[in-house]
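Peer 1:
2 protein chains.
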Amino acid sequence: MKAKKDIKIEIMAIGSELLTPHFQDTNSLYLTERLNDLGLEVSYKTIVGDEWDNLVLSIKQALSRADIVLAMGGLGPTKDDRTREAFASVLERKLIYNKKLLQKIEERFRRRGLRMPPVNKKQAYIFEDAKALDNKKGTAPGLLMDTGAKIIILLPGPPHELKPMFDTSVWPYLQKLRKKYTARRTLKITGLTESKIETLISDLYPQEPHIQLTILAYPGQIEIHLTAHSEESLEKSKETVHGLEKNFLNRLKENVFSSAGEELEEVVGRLLRLHKNTLAVAESCTGGFLGHRLTNIPGSSDYFLLSMVVYSNEAKIYHLGISEELIEQHGAVSSQVAAAMAVGIREKTHSSLGLAITGIAGPDGGTPEKPVGLVYTALAWDNGTDVVKNLFLGNREIIKYQSTQKSLDMVRRHLLKKPQSKEN
Amino acid sequence: MKAKKDIKIEIMAIGSELLTPHFQDTNSLYLTERLNDLGLEVSYKTIVGDEWDNLVLSIKQALSRADIVLAMGGLGPTKDDRTREAFASVLERKLIYNKKLLQKIEERFRRRGLRMPPVNKKQAYIFEDAKALDNKKGTAPGLLMDTGAKIIILLPGPPHELKPMFDTSVWPYLQKLRKKYTARRTLKITGLTESKIETLISDLYPQEPHIQLTILAYPGQIEIHLTAHSEESLEKSKETVHGLEKNFLNRLKENVFSSAGEELEEVVGRLLRLHKNTLAVAESCTGGFLGHRLTNIPGSSDYFLLSMVVYSNEAKIYHLGISEELIEQHGAVSSQVAAAMAVGIREKTHSSLGLAITGIAGPDGGTPEKPVGLVYTALAWDNGTDVVKNLFLGNREIIKYQSTQKSLDMVRRHLLKKPQSKEN
Chain A
1425 MKAKKDIKIE
1435 IMAIGSELLT
1445 PHFQDTNSLY
1455 LTERLNDLGL
1465 EVSYKTIVGD
1475 EWDNLVLSIK
1485 QALSRADIVL
1495 AMGGLGPTKD
1505 DRTREAFASV
1515 LERKLIYNKK
1525 LLQKIEERFR
1535 RRGLRMPPVN
1545 KKQAYIFEDA
1555 KALDNKKGTA
1565 PGLLMDTGAK
1575 IIILLPGPPH
1585 ELKPMFDTSV
1595 WPYLQKLRKK
1605 YTARRTLKIT
1615 GLTESKIETL
1625 ISDLYPQEPH
1635 IQLTILAYPG
1645 QIEIHLTAHS
1655 EESLEKSKET
1665 VHGLEKNFLN
1675 RLKENVFSSA
1685 GEELEEVVGR
1695 LLRLHKNTLA
1705 VAESCTGGFL
1715 GHRLTNIPGS
1725 SDYFLLSMVV
1735 YSNEAKIYHL
1745 GISEELIEQH
1755 GAVSSQVAAA
1765 MAVGIREKTH
1775 SSLGLAITGI
1785 AGPDGGTPEK
1795 PVGLVYTALA
1805 WDNGTDVVKN
1815 LFLGNREIIK
1825 YQSTQKSLDM
1835 VRRHLLKKPQ
1845 SKEN
Chain B
1425 MKAKKDIKIE
1435 IMAIGSELLT
1445 PHFQDTNSLY
1455 LTERLNDLGL
1465 EVSYKTIVGD
1475 EWDNLVLSIK
1485 QALSRADIVL
1495 AMGGLGPTKD
1505 DRTREAFASV
1515 LERKLIYNKK
1525 LLQKIEERFR
1535 RRGLRMPPVN
1545 KKQAYIFEDA
1555 KALDNKKGTA
1565 PGLLMDTGAK
1575 IIILLPGPPH
1585 ELKPMFDTSV
1595 WPYLQKLRKK
1605 YTARRTLKIT
1615 GLTESKIETL
1625 ISDLYPQEPH
1635 IQLTILAYPG
1645 QIEIHLTAHS
1655 EESLEKSKET
1665 VHGLEKNFLN
1675 RLKENVFSSA
1685 GEELEEVVGR
1695 LLRLHKNTLA
1705 VAESCTGGFL
1715 GHRLTNIPGS
1725 SDYFLLSMVV
1735 YSNEAKIYHL
1745 GISEELIEQH
1755 GAVSSQVAAA
1765 MAVGIREKTH
1775 SSLGLAITGI
1785 AGPDGGTPEK
1795 PVGLVYTALA
1805 WDNGTDVVKN
1815 LFLGNREIIK
1825 YQSTQKSLDM
1835 VRRHLLKKPQ
1845 SKEN
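Protein sequence lines, in the order shown, are assigned to chains A and B. Counting in the numbering used here, the first sequence runs from 1425 upward without gaps. Counting in the numbering used here, the second sequence runs from 1425 upward without gaps.
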């Protein structure tokens, strides 16, 4: 197929399990991103089972409306795997036995000390004018056929087989259809509301068609996905996206915690290491989630000393040494107790920083004065304490997540010597 | 449309964002489950953007191959929302302005103290012979049209609008096409390998077409989904599924921790409360994840006293009182240290049970003797200690998860007075 102006692409996910409530196609997200990198857009996605008539009809319709049909799944050895046969039927091509393919499949079994079961022989059949695609991670070879008018690509369903096969065999082939060079950058932001971000950057919204901006808002984190295309070169698109990134960073400043794909706990870990600081945490309503996130980063033992999950008042009093009077006077969910927890865990562990969370994660336990979602996050250091009062929305899980996000961000802003954000 | 033998259903998800790498249709999983409850299967799923020609062609092809087309998304007020118009064009129907619909939309804005923006007026248009579906959670009304030959259903995209609309307006309507009554049951298992489970139940595999069995295996948890259909009554299908459940439980016994949809931490919480037991935990490689899971259950403060995340050797020694010699002699990742942690946290908190985890979550820190994935889980009670040596596979996140799963399961088996499982 030659490059042309408007190439239509259809991705087909084939497998009856994908028509049940239990399974979902996720491969297409990966393929879409890689195709977008070439400036190619996906027009249709179809999911169909292994029922012959439905499968054949879907393939017919896909070939009638798309220039490139990328199908995945149904290349296995069982009699339910009919993708190869259904495409052969629609394309009126014969499936020819290929000795070299069989040898490769047999070899794969042999390396694992096994003999190839006879059913796998059917994976060695391919259209005469198609190219077999090597499968380094499984037995099913893929297939690529360019009829001049259409390109047909068949890939195995398992993601760990599909991705390397696409990257090594399909993507390089599709280069000839490349319309654009694509560069991406994702700014991750916390501590600013979505509407505040939009106010800050609205006049920077790219108007040019070769620039795309997508804002994804999650509780506690907002992502700005910047994509730049260039018809000339990758360098050009990188230049554009870096220029954009710079403009956005100028506006959003330290509210952007990463533009290199890092998680907040990674950034915090890097800063702690850089400043040779250690951290200990006292958690109430998050129950250990903060320590869990901190220790998701390999090597976190360099700076993370201890987390105490003092879920009950008794635990706060007996194990962290919070005064009973303080809790009686202000309640366990209060600015005063949050500060005392941060100071307490810091003193107990001699850490550089003490971080604490106390709040009401719900669904029960809220009152008009102290509603579900009220969470105090506190940070103590050698000569001071910061406490932020937060009111988070969402269910228990989301409130717990936002509490950890805010407290991690307090460490980050402190180490950057920036003021704390009061926004959620 | 009348009930007939082979009803083909197509679910269409409409929206250009669903053709990017960032968004995925999840509504169709919910709709599929609800349709399956009626004995109706989904034959095709299509995802298409708001580009007019592509949308119109997709609708045409859907109507040519399916008896019921269930489309979602693209019913909003913007000019990119074209689902209504595209269906009208394909069906050659006029969109008629409906005063009552407009009043409902205006009323919705009014209740929130707002005036309806003029663009929303287009949501009050509907085909003459179609039924508008009330939207209790948003402005976009849905649409249901039965042409005699086909049923067309248009639903809004946001899940919190789509689900109640489907349940209150569409599902009752589709009852007339009901082919079967469906009952489901999911057995959740931990502490048995998938192959062991298959050996135990292989002769119970249902051969009858009205029974379905799906096994979903995750690291640390295996689920057996049982579905029974009956053409007679819901009672009949429930009877069948309960009979199956009983047979499976007889084989799998206490390895099944729930057949009522509960999470393991819920079951453990229920048992702790039942036995009036309290629990304190000492975590090393899980970093707080165990406490996080325990406190995901509302009311867990009734039995969960404290978690200490003693990530470093120093923390184990200074804060939990583990002897320095013991760590030097056996290493922090050892049966002896795990037991001492469980005993230590129990003594410190006077809890009924002490639970501990120490291991190597990777990716670094493994040795030939103590590889990544080696995790000791220990439980201490008033007159004993149990320690299990585990070798988990997977990345850091998966090893952390399996460690919490195994330790929760130790509490469960202990309270059920069953022996600990040594399997992963």
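For each residue, glycine too, the CB sits at the ideal point set by N, CA and C.
1) When you compare the CB positions of Ile1433 of chain B and Leu1494 of chain B, do they come within less than 8 Å of one another, or not?
2) Apart from the five residues just before and just after Ile1822 of chain A, which ones in its own chain have a Cβ nearer than 6 Å to its Cβ?
3) Is there a Cβ from chain B that is less than 8 Å from the Cβ of Pro1633 of chain A?
4) Mark His1838 of chain A as exposed unless 16 or more other C-beta atoms lie within 10 angstroms of its C-beta, in which case mark it buried.
5) Between the alpha carbons of Ile1625 of chain B and Phe1672 of chain B, how many angstroms are there, rounded?
6) Would you say Met1589 of chain B lies against chain A (beta-carbon separation less than 8 Å)?
7) Compare the beta carbon distance of Tyr1800 of chain B and Ser1758 of chain B with 8 Å and say whether it is the shorter of the two.
8) Would Ala1739 of chain A count as contacting chain B if we go by Cβ distances under 8 Å?
9) Can you find a CB in chain B that lies within less than 8 Å of the CB of Asp1553 of chain A?
10) Which residue or residues does DSSP assign as beta-bridge partners of Ala1387 of chain A?
11) Can the beta-carbon of Val1691 of chain A be found less than 8 Å from the beta-carbon of Arg1836 of chain A?
12) Exposed or buried, which one is Ile1784 of chain A when buried takes at least 16 other CB atoms within 10 Å?
13) If you count every other CB in all the chains shown that lies within 10 Å of the CB of Val1665 of chain A, and 16 or more means buried, which is it?
14) Kindly indicate which residue of A:Gly1768, A:Asn1819, A:Ala1780 has the alpha-carbon position closest to the one of Val1796 of chain A.
15) In the DSSP output, what is Leu1519 of chain A paired with across the bridge?
16) Applying a beta-carbon distance threshold of less than 9 Å, which residues of chain A neighbour Tyr1735 of chain B?
17) Can you tell me where the beta strand (DSSP E) holding Glu1475 of chain A begins and where it ends?
18) Does the region 1696-1710 of chain B come into contact with the region 1809-1816 of chain B, if we say contact requires no fewer than three beta-carbon pairs (one atom in each stretch) closer than 8 Å?
19) Any beta carbon of chain A sitting closer than 8 Å to that of His1446 of chain B?
20) Where Ala1763 of chain A and Ile1781 of chain B are concerned, what is the direct C-alpha to C-alpha distance, given to the nearest angstrom?
21) Mapping the DSSP letters down to three states, classify Gly1723 of chain A as helix, strand or coil.
22) Quick one: list the residues of chain B neighbouring Tyr1825 of chain A, beta-carbon separation under 9 Å, in chain order.
23) In chain order, what residues of the same chain have a beta carbon less than 8 Å from the beta carbon of Asn1522 of chain A, not counting five sequence neighbours either side?
24) By the DSSP assignment, the alpha helix (DSSP H) with Leu1673 of chain A in it spans what residues?
25) Tell me the DSSP secondary structure of Ala1574 of chain B in three-state form.
26) Within this structure, are the beta carbons of Glu1615 of chain B and Ser1827 of chain B separated by less than 8 Å?
27) Per the contact definition of three or more C-beta pairs closer than 8 Å, is the region 1456-1469 of chain B in contact with the region 1590-1603 of chain B?
28) Tell me whether Glu1689 of chain A is buried or exposed, calling it buried when 16 or more other Cβ atoms sit within 10 Å of its Cβ.
29) Give the C-beta separation of Thr1638 of chain A and His1446 of chain B to the nearest angstrom, bearing in mind that I take them to be a contact with Cβ-Cβ under 8 Å.
30) Would you mind telling me which residues of chain A sit closer than 7 Å to Pro1787 of chain B, beta carbon to beta carbon, in chain order?
31) Below 7 Å CB to CB, which residues in the same chain sit around Thr1507 of chain B once its five sequence neighbours on both sides are set aside?
32) With 8 Å as the limit, tell me which residues of the region 1456-1480 of chain A have their beta carbon closer than that to any beta carbon of chain B; keep them in chain order.
33) Identify every residue that forms a DSSP beta bridge with Gln1645 of chain B.
34) Report yes or no: is there a C-beta of chain A within less than 8 Å of the C-beta of Thr1664 of chain B?
35) Give me the Cα-Cα distance between Ile1576 of chain A and Gly1790 of chain B, rounded to the nearest whole angstrom.
36) Just the chain A side, please: which residues come within less than 8 Å of His1584 of chain B by C-beta, in chain order?
Peer 2: Per the coordinate set shown:
1) Looking up residue 1433 of chain B in the second sequence gives position 9. Looking up residue 1494 of chain B in the second sequence gives position 70. The Cβ atoms of Ile1433 of chain B and Leu1494 of chain B sit closer than 8 Å to each other.
2) Translated into positions along the first sequence, residue 1822 of chain A becomes position 398. Within the same chain, Ile1822 of chain A has close Cβ partners Pro1643.
3) Position 209 of the first sequence, counted from the start, is the residue given in the question as residue 1633 of chain A. So no, Pro1633 of chain A is outside the interface.
4) By 1-based counting over the first sequence, the position of residue 1838 of chain A is 414. The residue in question, His1838 of chain A, is buried, as its Cβ has 16 or more Cβ neighbours within 10 Å.
5) Counting from 1 along the second sequence, the entry for residue 1625 of chain B is found at position 201. Counting from 1 along the second sequence, the entry for residue 1672 of chain B is found at position 248. Straight-line Cα distance between these residues: approximately 7 Å.
6) Counting from 1 along the second sequence, the entry for residue 1589 of chain B is found at position 165. No, its Cβ sits nowhere closer than 8 Å to a Cβ of chain A.
7) As a working note, residue 1800 of chain B is residue 376 in the second sequence. As a working note, residue 1758 of chain B is residue 334 in the second sequence. A contact, by the Cβ cut-off of 8 Å.
8) Start at 1 with the first residue of the first sequence, and residue 1739 of chain A comes out as number 315. By this cut-off, Ala1739 of chain A is an interface position.
9) Here the question's residue 1553 of chain A lines up with position 129 in the first sequence. No, because no Cβ of chain B sits closer than 8 Å to the Cβ of Asp1553 of chain A.
10) Since the first and last residues shown for chain A are 1425 and 1848, residue 1387 of chain A lies out of range.
11) On the first sequence, position 267 is the one that residue 1691 of chain A refers to. On the first sequence, position 412 is the one that residue 1836 of chain A refers to. Yes, the pair counts as a contact, with Cβ atoms nearer than the cut-off.
12) Taking the first residue of the first sequence as position 1, residue 1784 of chain A is located at position 360. Label assigned to Ile1784 of chain A: buried.
13) Sequence index remark: in the first sequence, residue 1665 of chain A carries index 241 (1-based). It counts as buried.
14) Your numbering for residue 1796 of chain A matches position 372 in the first sequence. Nearest option by C-alpha distance: A:Asn1819.
15) By 1-based counting over the first sequence, the position of residue 1519 of chain A is 95. According to DSSP, which records beta bridges pairwise, Leu1519 of chain A is partnered with A:Phe1551.
16) The count along the second sequence starts at 1 and reaches residue 1735 of chain B at position 311. Those are Gly1715, Leu1718, Thr1719, Ser1724, Ser1725, Phe1728, Leu1729, Leu1730, Ser1731, listed as they occur along chain A.
17) In the first sequence, counting from the first residue as 1, residue 1475 of chain A sits at position 51. Here Glu1475 of chain A belongs to no beta strand (DSSP E), and DSSP marks it neither H nor E.
18) no
19) In the second sequence, residue 1446 of chain B corresponds to position 22, counting from 1. So, interface residue.
20) Translated into the one-based positions of the first sequence, residue 1763 of chain A becomes position 339. Translated into the one-based positions of the second sequence, residue 1781 of chain B becomes position 357. Each residue's alpha carbon lies about 30 Å from the other.
21) Within the first sequence, numbered from 1, the residue matching residue 1723 of chain A stands at position 299. Coil, per DSSP.
22) Here residue 1825 of chain A refers to the residue found at position 401 when the first sequence is read from its first residue. By Cβ distance, chain B contributes nothing, its closest Cβ being about 10 Å from Tyr1825 of chain A, past 9 Å.
23) Taking the first sequence and counting its residues from 1, one reaches residue 1522 of chain A at position 98. Hits under 8 Å: Ala1548, Tyr1549, Ile1550, Ala1556.
24) For the purposes of this step, residue 1673 of chain A is taken as residue 249 along the first sequence, with counting starting at 1. Start and end: 1658-1676.
25) Stepping through the second sequence from its first residue, residue 1574 of chain B is reached at position 150. For the record, residue 1574 of chain B in the displayed sequence is Lys; it is not Ala. In this structure, Lys1574 of chain B counts as coil in the three-state DSSP scheme.
26) Working through the second sequence from its first residue, we reach residue 1615 of chain B at position 191. Working through the second sequence from its first residue, we reach residue 1827 of chain B at position 403. Per the sequence shown, the amino acid found at residue 1615 of chain B is Gly instead of Glu. Taking 8 Å as the cut-off, the Cβ atoms of Gly1615 of chain B and Ser1827 of chain B do not count as close.
27) Taking a contact to require three or more Cβ pairs closer than 8 Å, the region 1590-1603 of chain B and the region 1456-1469 of chain B qualify as touching.
28) Residue mapping note: residue 1689 of chain A aligns to position 265 of the first sequence, counting from 1. Buried.
29) Locating residue 1638 of chain A in the first sequence gives position 214, counting from the first residue. Locating residue 1446 of chain B in the second sequence gives position 22, counting from the first residue. At roughly 6 Å, the Cβ-Cβ gap stays under 8 Å, so Thr1638 of chain A and His1446 of chain B are in contact.
30) The residue you call residue 1787 of chain B lines up with position 363 of the second sequence. In chain order: Pro1722.
31) The residue given as residue 1507 of chain B occupies position 83 in the second sequence. Cβ neighbours of Thr1507 of chain B beyond the five flanking positions: Ile1438, Ala1495, Gly1497, Gly1498, Leu1499, Leu1578.
32) Thr1456, Glu1457, Asn1460, Glu1465, Val1466, Ser1467, Tyr1468, Lys1469, Thr1470, Ile1471, Val1472, Gly1473, Glu1475, Asn1478
33) Sequence index remark: in the second sequence, residue 1645 of chain B carries index 221 (1-based). Answer by DSSP bridge pairing, in chain order: B:Tyr1642.
34) Here residue 1664 of chain B refers to the residue found at position 240 of the second sequence. So no, Thr1664 of chain B is outside the interface.
35) Along the first sequence, one-based indexing puts residue 1576 of chain A at 152. Along the second sequence, one-based indexing puts residue 1790 of chain B at 366. Each residue's alpha carbon lies about 45 Å from the other.
36) Counted from its first residue, the second sequence places residue 1584 of chain B at position 160. Close partners of His1584 of chain B in chain A (Cβ separation under 8 Å) are lacking, with about 13 Å as the shortest Cβ gap.
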